[in-house]
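K.L.:
Dropping the structure in here first, questions after.
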Amino acid sequence: MRNYIFRRLMLLPITVILLSIFVFGLIRLVPGSVIDARLAAGFPGTANADDRAKLEAHFGLDKPVHVQYVTWIGQVFGGDFGTSWLTKEDILDNFRRRMPVTVELLVLTLLIYIPLGIGTGVWSAVRQNRTDDYSIRFVTILFLAIPNFWLATLVIVVPLVLWGYAPPVPYVQLWEEPGTNLIQMIVPAAIAALAGAAVLGRVARSEMLEVLRQDYVRTAYAKGLTGYVVVLRHALRNAMIPLITLIGLVFANGVAGAVIVEQIFAIPGMGRYLVQSLLNNDLPVVQVWMLIFGAAFIMVNLLVDLSYGMFDPRIRFQ
Amino acid sequence: MAERNYWTRMRRTRMSRRGLLKASARAGVGAAGLTLVGCGDDDDDDQPASAAVQQQQQQQQEAAQVEQQADQQAAQQQAQTQTAQEQQQQQAAAQAQAQAAADGPKQGGIVRIVMSDGGIFDPAIVIHGGTYAGVHQIYDWINYLDEGFVIHEGMADLPEVVDELNFIYSIKPNVYWHPKPPLDGRQFTAEDAVFGLERFGFDNPEFVFKDRFALVDKFEATDELTMHVQAGQVFSPILKAIAEDNMLMVSRDAVDAFGDEGLSTDFEAQIGTGAFMGESREPEVELNLVRHPNYYKEGQPYFDGYRGIALPDDALRIAAFVDGQTDFLSYQWTGAFTDFQAAIDEMGEEEVTGVPNPVTFGMATHIHCEVEPYTDPRVRNAVHLAADREQLIALSLGGLVIGGPIAVAIQPYGRTEDELRQLPGYRSGDLRQEDLAEARQLLDASGVDLNGFPPLDIWAPNATDYAVVLQQNLAEVGINTGINELTTTDALAARQNREFSMIMLGQQGASDPDLLYNDLHTTGGQNYGNFSNPEFDALVEKGRSVFDVEERKEIYDEAQDRLLEEWNPRLYWSWSTVTVAFRSYMRGFRPTPGPTASNAILWGMWFDEIPEGAEA
Chain A
19 MRNYIFRRLM
29 LLPITVILLS
39 IFVFGLIRLV
49 PGSVIDARLA
59 AGFPGTANAD
69 DRAKLEAHFG
79 LDKPVHVQYV
89 TWIGQVFGGD
99 FGTSWLTKED
109 ILDNFRRRMP
119 VTVELLVLTL
129 LIYIPLGIGT
139 GVWSAVRQNR
149 TDDYSIRFVT
159 ILFLAIPNFW
169 LATLVIVVPL
179 VLWGYAPPVP
189 YVQLWEEPGT
199 NLIQMIVPAA
209 IAALAGAAVL
219 GRVARSEMLE
229 VLRQDYVRTA
239 YAKGLTGYVV
249 VLRHALRNAM
259 IPLITLIGLV
269 FANGVAGAVI
279 VEQIFAIPGM
289 GRYLVQSLLN
299 NDLPVVQVWM
309 LIFGAAFIMV
319 NLLVDLSYGM
329 FDPRIRFQ
Chain B
824 MAERNYWTRM
834 RRTRMSRRGL
844 LKASARAGVG
854 AAGLTLVGCG
864 DDDDDDQPAS
874 AAVQQQQQQQ
884 QEAAQVEQQA
894 DQQAAQQQAQ
904 TQTAQEQQQQ
914 QAAAQAQAQA
924 AADGPKQGGI
934 VRIVMSDGGI
944 FDPAIVIHGG
954 TYAGVHQIYD
964 WINYLDEGFV
974 IHEGMADLPE
984 VVDELNFIYS
994 IKPNVYWHPK
1004 PPLDGRQFTA
1014 EDAVFGLERF
1024 GFDNPEFVFK
1034 DRFALVDKFE
1044 ATDELTMHVQ
1054 AGQVFSPILK
1064 AIAEDNMLMV
1074 SRDAVDAFGD
1084 EGLSTDFEAQ
1094 IGTGAFMGES
1104 REPEVELNLV
1114 RHPNYYKEGQ
1124 PYFDGYRGIA
1134 LPDDALRIAA
1144 FVDGQTDFLS
1154 YQWTGAFTDF
1164 QAAIDEMGEE
1174 EVTGVPNPVT
1184 FGMATHIHCE
1194 VEPYTDPRVR
1204 NAVHLAADRE
1214 QLIALSLGGL
1224 VIGGPIAVAI
1234 QPYGRTEDEL
1244 RQLPGYRSGD
1254 LRQEDLAEAR
1264 QLLDASGVDL
1274 NGFPPLDIWA
1284 PNATDYAVVL
1294 QQNLAEVGIN
1304 TGINELTTTD
1314 ALAARQNREF
1324 SMIMLGQQGA
1334 SDPDLLYNDL
1344 HTTGGQNYGN
1354 FSNPEFDALV
1364 EKGRSVFDVE
1374 ERKEIYDEAQ
1384 DRLLEEWNPR
1394 LYWSWSTVTV
1404 AFRSYMRGFR
1414 PTPGPTASNA
1424 ILWGMWFDEI
1434 PEGAEA
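So the protein lines, in turn, are chains A and B.
All the letters of the first sequence, read from the start, carry residue numbers 19 to 336 under our numbering.
All the letters of the second sequence, read from the start, carry residue numbers 824 to 1439 under our numbering.
Laid out in structure tokens, this is it:
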């Protein structure tokens, strides 16, 4: 196992380097440029070739692409994430300020996502083809179908129309006003979690149905164990492997959800930072953002792989 | 009189709660993009400039013309441009103001305003109108543009016009910088004014107003409180250029201490002469300002502070306003207008006042005059005649008014909706059928392949609905064209690089009819469609060299007539109406048109009763 972890960790820098090349190249394939946007932003807008050249030099875009890449990746590995082209703020400072906000959102999302997804899936499987099973399946399909940006807008508008209520603004930090912060964060976290929980619930149901038909489950019942013990200790544990894989993916889903809910609920986290940067072709921010979250996703996948052994002792790491 | 049809009925229909719900949900789709494209809001201050103007009048020919223009503008606007709804709302505002005058201004409270935080403070760099809303409270103008684009005295009196090339500004002796180092509350001087204006032209690749004063030979401080402006050639809009809302004065001391980078991004470096001073900023969360104790307008501002709350999403903006967490809201020309209006209707007149605030930006369709088939003026004229302005405007549900080449807010030059509705291309009913028949004839005569039209590039999603209508209009005369949706950045880039055949996008206005020079002169910076016509060039060159309002009006009338009848280098169809909404406990608001709708000037407003949560 130690060797396995070591090998995976050794592969990490190579993966990150490849990821960085991919990210750097991909962003440059996107149409439009910060130069065009800047030149177009001003009015009367009498920009000429000289203005363009100056701006390109200002942003370092006058150098060959491979030089730009080497310069950038060297700075990133040296701990210098650069500055935003849009706001000129230090990107690392921004990450430090925003990351806790998004982490809090992700943690809350996870706290809703896992119990809700697994709980509804297990309940639905145990109560197969009964009213509550049908109800849960209907609701999960509904949440799969509803886009979270629409749901988020609805969550703001409906209480406003019915009761004249709006979520408290502006955003406050958790350590400043925990109560207000939780009020602000719990709804966005729930919205980010719902679609994922619906998927998790459906997978959990099908896995549980398969496990519940196994001989050892019947044996457990025959031994006189309570349904609670059979389901949670014997059946659920054996259904967990695909669920763990899915839970690992919640990181990616959660980040994607954060991008949307942070924008709608005015939460100053990493997702909103990405939206703002993407809309303004702020390449330094987008590059570092994607690199950081790509690397984090690789780490999460490693943890997921390692956790398989906990749930299934037959799995060996070689 | 416009006929009643589906579109006009829809425009006038009051929204139900269900409608609000549906509309707000729709708004959520496009709201995020809009916040980064849109600007802030406008309002303006306390006292009209008429007395001061009259004082200067005896010696200042220019100032007299400006005032004359203001009178005409006010009369024409009231008589011609207001719909019944607008009149009703303005009456409500007038009543509120009359009530305010009776009660008198009251000191206290912190005004809470929704803003967008673009993260850039330097007035020389235009990145984000939302940030400007905060910047406008910190900095101030030498002169500024009041309602109807009338030049109003600011930190300096109205200029003495020595001749057509020379202007003398007298700085007021009681204008002070904020009491913060390195300025430490010292007097604002003519040297400061010279630096502040010259800096816009400095050789910094990010400064976007470099050519604003290209025709100015020099700004010179002749004594501590006197600035001499000398133009290199006659340029009639020069006084307005100095008074435009971007022309906020920053100090050399702050630039020396913090550098250009610091002035752009460091909140601590924001030291101005404005009504409010910077206190704290949490990026993308809130901006807190406090009252400038030595502000030159005696007794003002009335608010103790300003709290800008960064809310990027329209649904949350509306919710926060309805819920009473903000006091002031502006909403504008794309997407969310319906939702804002519905929210205001729901709240009722007792709770909130909505005031239309004409501005000089809008939607237009730029035509590339060097790309087939639009090289042929007959094709451009056919497109002009085929476009159904009533349908297009109805889609905005009140956010846009029908417009011609010069914005209606710029009086006496801009054509009103009623004037335009008499013209070919703007007409309805049977007359529109005549226009369509003429369009078909023009297309026949041109011999253009009606199925070979390049696709219409559009700024999506903001222009998507309009583009669909225009596509249908063109189909009425046999033109088959597709729609090519572009993101904001791509659409701006396509326009900037002249890589389009016809593109539907916003158009920036200005405070003066000289905007036509930038828009369409052969050398104009915003002549995106490469239109070139010696006769037109001669007209707009003459327009910027003439000071007399009547003479200028004749010139620009001719230019507009010929643009719409012969040349049609753009498909003109709209200008915006920003609506400003404020709570009924707020007093002292005056609508002020502006080119960017971001200059929320709050020094003349006050709370009649300080609302809960707005206590200092």
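Even for Gly, the Cβ is constructed at its ideal location relative to N, Cα and C.
#1: For residue 1181 of chain B, which residues does DSSP report across the bridge?
#2: Taking a cut of 7 Å between CB atoms, which residues from the region 153-169 of chain A lie near chain B?
#3: In three-state terms, what does DSSP make of residue 1023 of chain B?
#4: Could you tell me the alpha carbon to alpha carbon distance between residue 72 of chain A and residue 1266 of chain B, rounded to whole angstroms?
#5: Taking 8 Å as the CB-CB cut-off, is residue 299 of chain A touching chain B?
#6: Step through the CB atoms of chain B and report whether any lies within less than 8 Å of the CB of residue 120 of chain A.
#7: Report the partner residues of residue 1128 of chain B according to the DSSP bridge assignment.
#8: Give the straight-line distance between the Cα atoms of residue 890 of chain B and residue 294 of chain A, rounded to the nearest whole angstrom.
#9: From the beta carbon of residue 84 of chain A, is the nearest beta carbon of chain B less than 8 Å away?
#10: Tell me the start and end of each unbroken alpha helix (DSSP H) in the region 979-1057 of chain B that is at least 4 residues and wholly inside, in chain order.
#11: Give me the Cα-Cα distance between residue 1009 of chain B and residue 103 of chain A, rounded to the nearest whole angstrom.
#12: Tell me which same chain residues have a C-beta within less than 6 Å of the C-beta of residue 968 of chain B, skipping the five on either side of it?
#13: For residue 332 of chain A, which of helix, strand or coil comes out of DSSP?
#14: I need the straight-line Cα distance from residue 1209 of chain B to residue 1262 of chain B, nearest angstrom please.
#15: Rank A:286, A:86, A:121 by C-alpha distance to the C-alpha of residue 268 of chain A and give the top, closest one.
#16: Could you check if residue 240 of chain A is buried or exposed, using at least 16 other CB atoms within 10 Å of its CB as the buried criterion?
#17: Answer yes or no: do residue 1224 of chain B and residue 1216 of chain B have a C-beta to C-beta separation smaller than 8 Å?
#18: Classify residue 28 of chain A: buried if its beta carbon has 16 or more other beta carbons within 10 angstroms, exposed otherwise.
#19: Just mark residue 1026 of chain B as buried or exposed, buried being the case when its beta carbon has 16 or more other beta carbons within 10 Å.
#20: I want to check one thing, is the minimum distance from the CB of residue 245 of chain A to the heavy atoms of the ligand FAD below 7 Å?
#21: To the nearest angstrom, how far is it from the Cα of residue 1321 of chain B to the Cα of residue 983 of chain B?
#22: For the region 1296-1353 of chain B, which segments carrying the beta strand (DSSP E) assignment without a break, of at least 3 residues, lie completely within its bounds, in sequence order?
#23: In chain A, which residues lie with their C-beta within 8 Å of the C-beta of residue 1146 of chain B?
#24: Any Cβ of chain A within less than 8 Å of the Cβ of residue 1136 of chain B?
#25: Scan the region 102-170 of chain A and note each continuous alpha helix (DSSP H) run of 4 residues or more that stays entirely inside, going in chain order.
#26: Can you give the Cα-Cα distance for residue 1410 of chain B and residue 1151 of chain B, rounded to whole angstroms?
#27: Would you mind stating whether residue 41 of chain A and residue 312 of chain A have Cβ atoms separated by less than 8 Å?
#28: Would you mind telling me which residues of chain A sit closer than 8 Å to residue 1228 of chain B, beta carbon to beta carbon, in chain order?
#29: Tell me, please, whether the CB atom of residue 1269 of chain B is closer than 8 Å to any CB atom in chain A?
#30: For residue 35 of chain A, which of helix, strand or coil comes out of DSSP?
#31: Along the region 73-105 of chain A, what residues have a CB closer than 7 Å to any CB found in chain B?
#32: Cβ atoms of residue 1244 of chain B and residue 1211 of chain B: under 8 Å apart, would you say?
#33: Can you name, in chain order, every residue of its own chain whose Cβ lies under 8 Å from the Cβ of residue 257 of chain A, other than the five neighbours on each side?
#34: Can you tell me where the beta strand (DSSP E) with residue 1100 of chain B in it begins and where it stops?
#35: Please report how far the alpha carbon of residue 1268 of chain B lies from the alpha carbon of residue 1197 of chain B, in whole angstroms.
#36: Closer than 8 Å, Cβ to Cβ, to anything on chain B: give me those residues from the region 263-289 of chain A, in chain order.
P.N.:
Result, derived from the coordinates:
#1: By one-based count along the second sequence, residue 1181 of chain B stands at place 358. Answer is B:1400, bridged to residue 1181 of chain B.
#2: 167, 168
#3: Locating residue 1023 of chain B in the second sequence gives position 200, where the first residue counts as 1. It is coil, neither helix nor strand.
#4: Start at 1 with the first residue of the first sequence, and residue 72 of chain A comes out as number 54. Start at 1 with the first residue of the second sequence, and residue 1266 of chain B comes out as number 443. Answer to the nearest angstrom: the Cα atoms are 45 Å apart.
#5: Along the first sequence, one-based indexing puts residue 299 of chain A at 281. Yes, residue 299 of chain A counts as interfacial toward chain B.
#6: In the first sequence, counting from the first residue as 1, residue 120 of chain A sits at position 102. No, residue 120 of chain A lies away from the interface with chain B (no Cβ there is under 8 Å from its Cβ).
#7: Locating residue 1128 of chain B in the second sequence gives position 305, where the first residue counts as 1. Answer is B:933, B:1113.
#8: Start at 1 with the first residue of the second sequence, and residue 890 of chain B comes out as number 67. Start at 1 with the first residue of the first sequence, and residue 294 of chain A comes out as number 276. Low confidence applies to residue 890 of chain B: its pLDDT is 48, below 50, so where it sits in the model is not reliable enough to give any reading.
#9: Locating residue 84 of chain A in the first sequence gives position 66, where the first residue counts as 1. No, because no Cβ of chain B sits closer than 8 Å to the Cβ of residue 84 of chain A.
#10: 1013-1022
#11: Within the second sequence, numbered from 1, the residue matching residue 1009 of chain B stands at position 186. Within the first sequence, numbered from 1, the residue matching residue 103 of chain A stands at position 85. Using only the alpha carbons, I get a separation of about 34 Å.
#12: For this step, residue 968 of chain B is matched to residue 145 along the second sequence. So the list reads 1066, 1334, once near-sequence residues are dropped.
#13: Your numbering for residue 332 of chain A matches position 314 in the first sequence. Coil at residue 332 of chain A, not helix or strand.
#14: Stepping through the second sequence from its first residue, residue 1209 of chain B is reached at position 386. Stepping through the second sequence from its first residue, residue 1262 of chain B is reached at position 439. Distance between the alpha carbons of residue 1209 of chain B and residue 1262 of chain B is about 6 Å.
#15: In the first sequence, the residue the question calls residue 268 of chain A occupies position 250. Cα-wise, what sits closest to residue 268 of chain A is A:121.
#16: Against the first sequence, residue 240 of chain A aligns to sequence position 222. It counts as exposed.
#17: Here residue 1224 of chain B is taken as the residue at index 401 of the second sequence, counted from 1. Here residue 1216 of chain B is taken as the residue at index 393 of the second sequence, counted from 1. It is a contact, given that the beta carbons lie within the stated cut-off.
#18: The sequence position of residue 28 of chain A within the first sequence is 10, counting from 1. Looking at its Cβ environment, which holds fewer than 16 other Cβ atoms inside 10 Å, residue 28 of chain A is exposed.
#19: Translated into positions along the second sequence, residue 1026 of chain B becomes position 203. Residue 1026 of chain B is exposed by the Cβ-count criterion.
#20: Ligands displayed in this structure: none; no statement on the ligand FAD is therefore possible.
#21: Start at 1 with the first residue of the second sequence, and residue 1321 of chain B comes out as number 498. Start at 1 with the first residue of the second sequence, and residue 983 of chain B comes out as number 160. Distance between the alpha carbons of residue 1321 of chain B and residue 983 of chain B: 42 Å.
#22: 1306-1309, 1325-1330
#23: Stepping through the second sequence from its first residue, residue 1146 of chain B is reached at position 323. What residue 1146 of chain B touches in chain A: 178, 182, 183, 184.
#24: On the second sequence, residue 1136 of chain B is found 313 positions in, with the first residue counted as 1. Yes, contact with chain A.
#25: 109-144, 149-163
#26: Reading the second sequence from its first residue, position 587 is the one you call residue 1410 of chain B. Reading the second sequence from its first residue, position 328 is the one you call residue 1151 of chain B. Each residue's alpha carbon lies about 11 Å from the other.
#27: Locating residue 41 of chain A in the first sequence gives position 23, counting from the first residue. Locating residue 312 of chain A in the first sequence gives position 294, counting from the first residue. Yes, the Cβ-Cβ distance between residue 41 of chain A and residue 312 of chain A is below 8 Å.
#28: The residue given as residue 1228 of chain B occupies position 405 in the second sequence. Neighbours of residue 1228 of chain B on chain A: none; closest Cβ ~16 Å, over 8 Å.
#29: What you label residue 1269 of chain B is simply residue 446 of the second sequence in a count that begins at 1. No, no contact with chain A.
#30: Within the first sequence, the letter at position 17 stands for residue 35 of chain A. Residue 35 of chain A falls in the helix class under three-state DSSP.
#31: 73, 76, 104, 105
#32: Here residue 1211 of chain B refers to the residue found at position 388 when the second sequence is read from its first residue. Here residue 1244 of chain B refers to the residue found at position 421 when the second sequence is read from its first residue. No, the pair does not count as a contact, with Cβ atoms beyond the cut-off.
#33: Walking along the first sequence from the start, residue 257 of chain A turns up at place 239. Taken in chain order, the residues that qualify are 222, 225, 226, 228, 229.
#34: Within the second sequence, numbered from 1, the residue matching residue 1100 of chain B stands at position 277. Unbroken beta strand (DSSP E) run through residue 1100 of chain B: 1099-1105.
#35: Position 445 of the second sequence, counted from the first residue, corresponds to residue 1268 of chain B. Position 374 of the second sequence, counted from the first residue, corresponds to residue 1197 of chain B. Each residue's alpha carbon lies about 14 Å from the other.
#36: 281, 282, 283, 284, 286
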